[in-house]
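Novice: Got a structure for you, questions after.
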Amino acid sequence: MERRVAGAASPGPSRAAPYVPQRPDDARHGYPRPIPERRDIQEALREAVDRTVQATVDTRERAQGAAGGVADAVDDIVKGAQGNISRSRKGVLAAVEDRLPASQDDMKALRTELRRIDRRLGEIERRLEELPPGAQK
Numbered sequence: 320m321e322r323r324v325a326g327a328a329s330p331g332p333s334r335a336a337p338y339v340p341q342r343p344d345d346a347r348h349g350y351p352r353p354i355p356e357r358r359d360i361q362e363a364l365r366e367a368v369d370r371t372v373q374a375t376v377d378t379r380e381r382a383q384g385a386a387g388g389v390a391d392a393v394d395d396i397v398k399g400a401q402g403n404i405s406r407s408r409k410g411v412l413a414a415v416e417d418r419l420p421a422s423q424d425d426m427k428a429l430r431t432e433l434r435r436i437d438r439r440l441g442e443i444e445r446r447l448e449e450l451p452p453g454a455q456k
């Protein structure tokens, strides 16, 4: 039996079998289990990573599908609201159109119309002045 001193260098790699935890009811649970080979661990890790990636992709696709459905529903609601606003605006304008103050464009149109009427009236007055005094009624 070899004794080791604490802190002393190890004599080299141990040839003893790796420690496997033991429980009192080993027979029922299959203990001691054999230690898996390196290839088995790598394969198990690869499969776990693949499952995780696939679960992430599936979750992302479901989330995008749900988000797309919500976006479509929101677009439909917005379009309906815009149509309602447009109809409401037209209805309000029709109801209060006569009560609204004149805009700059309205004032320009009125000035143009008044100038035209003034020219026509001036033309009519000039013609009346040119008529003989007895021809006027």
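In this text, residue positions in the sequence shown follow our numbering: the first is 320, and each later residue adds one.
Ideal placement from N, C-alpha and C gives every residue a C-beta, glycine not left out.
Keep in mind that this is a model prediction, so the values were computed, not measured.
(1) Only counting runs of 3 or more residues, tell me where the beta strand (DSSP E) segments fall wholly within the region 420-452, in order along the chain.
(2) How many angstroms separate the CA atom of VAL393 from the CA atom of ALA385?
(3) Look at ALA421 and LEU429 and say whether their C-beta atoms are less than 9 Å apart.
(4) Here's the rule: buried if 16 or more other CB atoms are within 10 angstroms of the residue's CB, otherwise exposed. What is MET320?
Specialist: Working from what's here:
(1) Listed in chain order, there is nothing to give.
(2) For the purposes of this step, residue 393 is identified with residue 74 of the sequence shown, where counting begins at 1. For the purposes of this step, residue 385 is identified with residue 66 of the sequence shown, where counting begins at 1. Inter-residue distance for VAL393 and ALA385 is about 12 Å (C-alpha atoms, whole angstroms).
(3) In the sequence shown, counting from the first residue as 1, residue 421 sits at position 102. In the sequence shown, counting from the first residue as 1, residue 429 sits at position 110. Yes.
(4) Residue numbering aside, residue 320 sits at position 1 when the sequence shown is read from its first letter. The pLDDT assigned to MET320 is 48, lower than 50, so where the model puts this residue is not dependable; a value taken from the coordinates is nonetheless given after this. Classification of MET320: exposed, given that the 10 Å Cβ count is below 16.
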